[in-house]
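S.K.:
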Amino acid sequence: MSGANDVTSQAGQTSQTSQQSHGRTLSLTLRIWRQDGPDAPGRFHTFDAPNISEDMSFLELLDIINERLIEGGDVPIEFDHDCREGICGMCSLMINGRAHGHELATTTCQLHMRKFSDGDVITVEPFRAKAFPVVRDLVVDRSSFDRIIEAGGYISVNTGAVGDANQTPVPKEAADTSMDAAACIGCGACVAACPNSAAQLFTSAKLAHLNLIPQGQPQRWERTEAMVETMEQFFGSCTNHGECTEACPKEISLDFIAFMNRDYVKAKIKNRKLTGQS
Amino acid sequence: MAPTATQAAGSAPVFKTKRPLPFPLNIYQSAIGRKWVMAWTGIGLLGFVIVHMIGNLHLYEGPSRMYEYAETLRDLGGGLLPRTLLLWIMRVGLLAMFVVHLHSAYTLKERSRLASERAGFVGGAKKYASKRDYIAANYASRTMRWTGPIVGLYVLFHLADLTWGWWLGDAYVRGDPYHNVVESLSSIPVAIIYVVANVALAIHIFHGTWSMFQSLGVNNPRYNGLRRNLATALAGVVLVGNLSFPVLVQAGLVDEDNRDCPINDTTGLECLGETAEAH
Amino acid sequence: MAESHSGPNGASNGVLDSRVPDGPMADKWTDHKFSMKLVNPNNKRRFEIIVVGTGLAGASAAASLSELGYRVKVFTFHDSPRRAHSIAAQGGINAAKNYTNDGDSVHRLFYDTVKGGDYRSREANVHRLAEVSLNIIDQCAAQGVPFAREYGGLLDNRSFGGAQVSRTFYARGQTGQQLLLGAYQALAKQVAAGSVELYTRTEMLDLVTKDGRACGIITRDLISGEIAAHTGHAVVLATGGYGNVYYLSTNAMACNVTAAWRAHRRGAYFANACYTQIHPTCIPASDEFQSKLTLMSESLRNDGRIWVPEQLDDARSPDLIPESERDYYLERKYPAFGNLVPRDVASRNAKTVVDQGKGVGPLRNGVYLDFSEVIERDGHPAVAAKYGNLFDMYERITGENPYAVPMRIYPAIHYTMGGLWVDYHLMTTVPGCYSIGEANFSDHGANRLGASALMQGLADGYFVLPYTIGDDLAARLGEPVVPLSDPVFAQATSEVTDATQRFLSIGGTRSVDWFHRELGKIVWDYIGMERTAAGLEKALSEIPALEAEFWADLRVSGSGANLNSSLEKAGRVADFFELAKLMARDALVREESCGGHFRAEHQTPEGEAQRDDENFAHVAAWEWHSSDTTQTRHIEELEFEEVALTQRSYK
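Protein chains in written order, with the working numbering: chain A, 2 to 279; chain B, 3 to 281; chain C, 154 to 804.
(1) Could you compute how far the alpha carbon of Thr-269/B sits from the alpha carbon of Val-53/B?
(2) Does the pairing of the region 464-476 of chain C with the region 512-524 of chain C give three or more beta-carbon distances under 8 Å?
(3) Do Phe-594/C and Ala-416/C have their C-beta atoms within less than 8 Å of each other?
(4) Could you tell me whether the Cβ of Leu-139/A comes closer than 8 Å to any Cβ of chain B?
(5) Would you list the residues sitting across from Arg-273/A in a DSSP beta bridge?
(6) Shorter than 8 Å from the beta carbon of Gln-338/C to some beta carbon of chain F?
(7) Is there at least one Cβ from chain C nearer than 8 Å to Gln-216/A's Cβ?
(8) Determine whether the beta carbon atoms of Leu-693/C and Phe-729/C lie at a separation below 8 Å.
(9) Output needed for Gly-46/B: all residues of its chain with C-beta closer than 8 Å, excluding positions within five of it in sequence on either side, in chain order.
(10) Is the Cβ of Tyr-265/A closer than 8 Å to any Cβ of chain B?
(11) Just to confirm, are Glu-276/C and Glu-648/C a CB contact at a threshold of 8 Å?
(12) Which word fits Gln-654/C, buried or exposed, when buried means at least 16 other C-beta atoms lie within 10 angstroms of its C-beta?
(13) Looking only at its own chain, which residues have a Cβ that is under 8 Å from the Cβ of Ala-714/C, when we skip the five neighbours before and after it?
(14) DSSP state of Ser-13/B, grouped into three classes?
(15) Tell me which residue opens and which closes the alpha helix (DSSP H) that Ala-367/C is part of.
(16) Suppose the cutoff is 7 Å on Cβ atoms and the five residues either side in sequence are ignored; what does the same chain contact list for Ser-22/A look like?
(17) At a Cβ threshold of 8 Å, is Lys-197/C touching chain A?
(18) If the cut is a Cβ gap below 9 Å, which residues of chain A does Asn-425/C touch?
(19) Would a check of beta-carbon distances place Ile-258/A closer than 8 Å to chain B?
(20) Any C-beta of chain A within less than 9 Å: which residues of the region 388-400 of chain C qualify?
(21) Should Asn-288/C be flagged as near chain A, meaning a C-beta pair shorter than 8 Å?
(22) For Glu-790/C, which residues of its own chain have a beta-carbon under 6 Å away from its beta-carbon, when the five flanking residues on both sides are left out?
(23) Could you check whether the Cβ of Lys-511/C sits closer than 8 Å to any Cβ belonging to chain A?
(24) Under the rule that 16 or more other beta-carbon atoms within 10 Å means buried, what is Arg-137/A, buried or exposed?
(25) On the DSSP letters alone, give me the boundaries of the alpha helix (DSSP H) that Asp-417/C sits inside.
(26) Sort Asp-121/A, Ile-71/A and Ala-106/A by Cα distance to Leu-31/A and report the nearest one.
(27) What are the boundary residues of the beta strand (DSSP E) that Leu-27/A is part of?
(28) Would you please verify whether the beta carbon of Gly-552/C is less than 8 Å from any beta carbon of chain A?
(29) Quick one: what does DSSP say His-60/B is sitting in, helix, strand or coil?
(30) Where does Ser-22/A fall in DSSP's three states?
(31) Mind checking whether Glu-451/C and Thr-429/C have CB atoms under 8 Å apart?
(32) Using the Cα positions of Thr-783/C and Ile-622/C, report the straight-line distance between them to the nearest angstrom.
(33) Counting pairs of beta carbons, one from the region 221-238 of chain C and one from the region 258-268 of chain C, are three or more of them closer than 8 Å?
(34) For Arg-733/C and Tyr-679/C, I'd like the C-alpha separation in whole angstroms.
(35) If you draw a straight line from the C-alpha of Arg-454/C to the C-alpha of Leu-493/C, how long is it?
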């Protein structure tokens, strides 16, 4: 078993001696939104968080507060999180009035405490929009995004019904731009940040991912109309502030919104012709 | 709607879908289509604002040139059309654009308000308990819903003031725009209204110009920087041009001291017409 | 140790029928597809299939099955199918397309996978995997997955850890995300068509069986706390791996073994629990409070050079250490493969140098992965185009700029090759219960090659299960589902309700996370990268002690009638305790080193893994009896017709 104990601290599997962090520590005050259910009234609770390592992520800070709440017999704060590496889109939170906090191109799980200063008061709220009702505390329901995808955010190819992958060349530029759009993680920060609660950035990213490449062309106009109109069942109207792009952890460009706007009006015209409607 | 067994609250649509109208009216039924219409009417209205401002610069050429310019507008279409017909068509078109622009703005604002209901919606933007820290949204974009109505009210005021002559009373001379403008703008309160309204108009144009490319979807990443410049330039030109009138009148640089024709709607107008022809 | 046979090489008791078809390896799958029974298209709608999990395997299976006409119910504990942890895979997906004309073939991918798995996988399964890898790329490209392209518009490939051909397809550093979105979109299409019922934020807590056959599941609605039963003709578990038993791993926080483990407790054998994979390129932990480890794509090893200072405890900044005082230990020891040796070899070597005291970073817990040479050769923009998002991610987490300073990396638990035992049809030992993706003991043997996890998940879901499930269902045509009124459902529902209530009523003092962390320490210490008999025995005494404390001193606050993540975690950690014991037992009995299972007692003089093909060329599948007795070990002998067993050598 030689060396097994050495490994312990190496991979961070916490040995008692590694308690002290090598970075500086912060003392913070947190105002956190708590709400028992969708229709229950919410309110802020204040927590002191002394001795926070700057290498910790924001969610690890919440972990510590929760651990303390449990020790004290209280109910821990519910918050959405999963992969903690910025890709699943599960984490959310408005931190000091910014979706995912003030670091650009960063999800809350990758927001590290070294970006804060000693003595900071941090206000934490759920993402807010009517289509994102609060489930509990900081957890909101973002399933309206799934409804938008179900409306047409796919290419209808059944399993097995396709030819060789290289039969359809895709111009590199198209593939790259499509990938830029497809990088969206569906976290909803765009809606949260939008003063109008509009979901233009999410929808346009999903739309552009498929509309930009040859495989997406057969359903392009039908898809555009269906996704936009489903989006409009849930969300507000874009006024081109640009807050969404700034809040987006994947820096999805506003240009995709313009692309969607263009495709939508085109779709209205093309679909009329396609269906023979006069 | 998908048959998801655990239909969570978030799945419930906030807005009902309306029965589709025939093409092309259905474009206006959607928010994106409505923004598209708003952009086009915005372009129309902006075009009017710019032409109107440039036309008004005739003021600096004196009463008779100004009179000539006003007459030219009424004579648009030459001898082909009855006098003032084309002008009226343009006026009606302008009015229609104005109404549609206003209607779409109001309904879209309402939509955003409803979509943000649980988040609170104060002064045209939804509210978080913590102070919102805006990054991209600027003063112009966040105040469109204020600058818009200010400009709207101002337009009514402006019509009542210089087209209908409601409060200039006997001093108002139909057909002598130079006189009316100078008369009206010499009053300090009126000058202030013009200044405030035109600042609001410029702010509105600043965001509107940038925004309409987005709404129409005619932007290109390569030229996005130029859009900002264009918005600044247009807002600036309109601001400087329009503000010059009240400011110069108030400064006494535009007045009626060296006027050749009398101020009335009979001999005065004849005189202005003759002077203009003599040029 | 309860054994169903006399010795490690004893004959199987016949329970483990792998159902591998006869015939030449290359024809097995093709022939078998013809010989399997079919369900008439009109009859497919008479079958109800439950799919648990919506990662690559689950989403692709649910979509494909419903396209065929089966009625499908799909369950995920996430708020959306698209959150599953497949989304975090960065590097790519293998396929034997040979688009690069460098000599790849189905046979080579098959051979590499068997060899990479250290000859502990079932040849027929692996060959099938290599065959359908071709279809996967076709399918995904047609779905609109934005794979990287050449300028001519054709698909780009790169080489990936352990492979000598370029067969890896990728979408920037987000291949897993894009493939999952593809599968999710296919699923969304079927949900919209009304042929899939989607249950979100719903966790499976038990498998229901009647007369030994799977007939449904018990779930808990994570928002309302409602415990409900669901019935079906077949249950498919696509619930991922159990890496989170280590507490710190590259898995997402919610990844767990619960669904698979509850199936195990209902009769599904759990195989090769000790085969866990350590990923060589993770960001070293920075402190005690770390909740997870972040993986950097293995593709980084293509261009980065791994080194440590020659000198012990060298505190100099890396740029001050001259070339002559650096040890590029992988290039030195394995000239042919260099930095691209398989994961286990790379990981163990990193551990060796760190144990020697040559580790780098503030906690001396990493090795350097240096890009200065490639930046100099190809230029900053080229490197940024290839690895930009990985570099950004590294900088975000560590606060260091990897363009200027070498990255620090260290191994972490990443993937589990073990899982529910399945036959060639991907059916577990419980008839009617299938397991696909990482949740099964899979095709990877004792070690998984890079870019093969995505391939296996999608192979199972798109191209294997939709065929094999029909063969078994065809025989049951006309049989109705077991009605929910059947006592088996009431019984299982009340058991789950009681178990849930039990966590809430312990009323101790410590949080679930505390127990999870403590368990993780034991598992990492004794069942981690290197195992010994003594250490495993120690684990087997420490784990039950901690487990007893868990049941006595756990505190779960809140109620069971609403969203309560502590309660969810409590159930998962309880299962991790039982799993950890099985891992230790499995590792203890396997007296050899192979792939991800390294027993310190069994190594070559050079410190390489020493297999024992004579006694251990088999799968160990464990049968559950009760909480009080240990599981019984069954074996499935592995026969190698195509690939000759050789000691792996990457020299």
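Here a beta-carbon is modelled for each residue, glycine too, at the ideal position from N, C-alpha and C. Note that the structure is predicted; figures quoted are calculated from it, not measured.
M.R.: In short, the structure shows the following:
(1) Note on geometry: alpha-carbon atoms of Thr-269/B and Val-53/B lie some 30 Å from one another.
(2) yes
(3) no
(4) no
(5) DSSP lists no partner for Arg-273/A.
(6) Included in the structure are the protein chains A, B and C, with no chain F among them.
(7) yes
(8) Not closer than 8 Å, so no.
(9) Only residues of its own chain outside the window of five on either side were considered, and among them Gly-95, Leu-96 and Met-99 have a CB closer than 8 Å to the CB of Gly-46/B, listed in chain order.
(10) yes
(11) no
(12) exposed
(13) Ser-377 and Gly-378
(14) DSSP places Ser-13/B in helix when its eight states are reduced to three.
(15) From DSSP, Ala-367/C is part of no alpha helix (DSSP H) but of the beta strand (DSSP E) over 366-374.
(16) With a pLDDT of only 42 at Ser-22/A, under 50, the local geometry of the prediction cannot be trusted, and no value is derived from it.
(17) No - not a single Cβ of chain A is within 8 Å of the one on Lys-197/C.
(18) What Asn-425/C touches in chain A: nothing, since even the nearest Cβ is about 22 Å away.
(19) yes
(20) Tyr-399 and Tyr-400
(21) yes
(22) Contacts found: His-771.
(23) no
(24) buried
(25) The question names Asp, but residue 417/C is His in the sequence shown. 411-418 is the extent of the alpha helix (DSSP H) around His-417/C.
(26) Asp-121/A
(27) 26-35
(28) Gly-552/C counts as touching chain A.
(29) helix
(30) The predicted position of Ser-22/A is uncertain, since its pLDDT is 42 and thus under 50; a value taken from the coordinates is nonetheless stated next. It is coil, neither helix nor strand.
(31) no
(32) 32 Å
(33) no
(34) Per the sequence shown, residue 733/C should be read as Ala rather than Arg. Distance between the alpha carbons of Ala-733/C and Tyr-679/C is about 10 Å.
(35) 6 Å
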